[in-house]
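Residue numbers (our numbering): 638 to 742. Backbone N, C-alpha and C fix where the C-beta goes; we use that ideal spot for every residue, glycine too. Computed from a predicted structure; not experimentally measured.
Right, here's the structure in full:
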């Protein structure tokens, strides 16, 4: 093997290492995104479980208790309107449909 072939082999090996490193960085980013999504879903799941426990054992009864439960769900960051019910509100932004339900007498 002469010097040119040796240099070409090292150059090819170096290029392969760079490609592999880029792939590892991409996989690392995807893994980080999955971990963040998993943590967010765990928090949401815990809130929903807590809300379910509150609904299953209400401390009040009557129409005011139902409205209070809806207000609590809305304050926890979830839609209560029929259009988006149960979906998380992005950045806790207001929803005119949910607000219309809460403003009803």
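- Apart from the 5 residues on each side of it in sequence, residue 731 has no Cβ closer than 8 Å to any other Cβ in its chain.
- Judged by beta-carbon spacing, residue 710 lies within the 8 Å limit of residue 688, meaning their Cβ atoms are closer than that value.
- Relative to residue 738, the option among 679, 725, 727, 706 whose CA is nearest is 706.
- With fewer than 16 other beta carbons inside 10 angstroms of its own, residue 647 counts as exposed.
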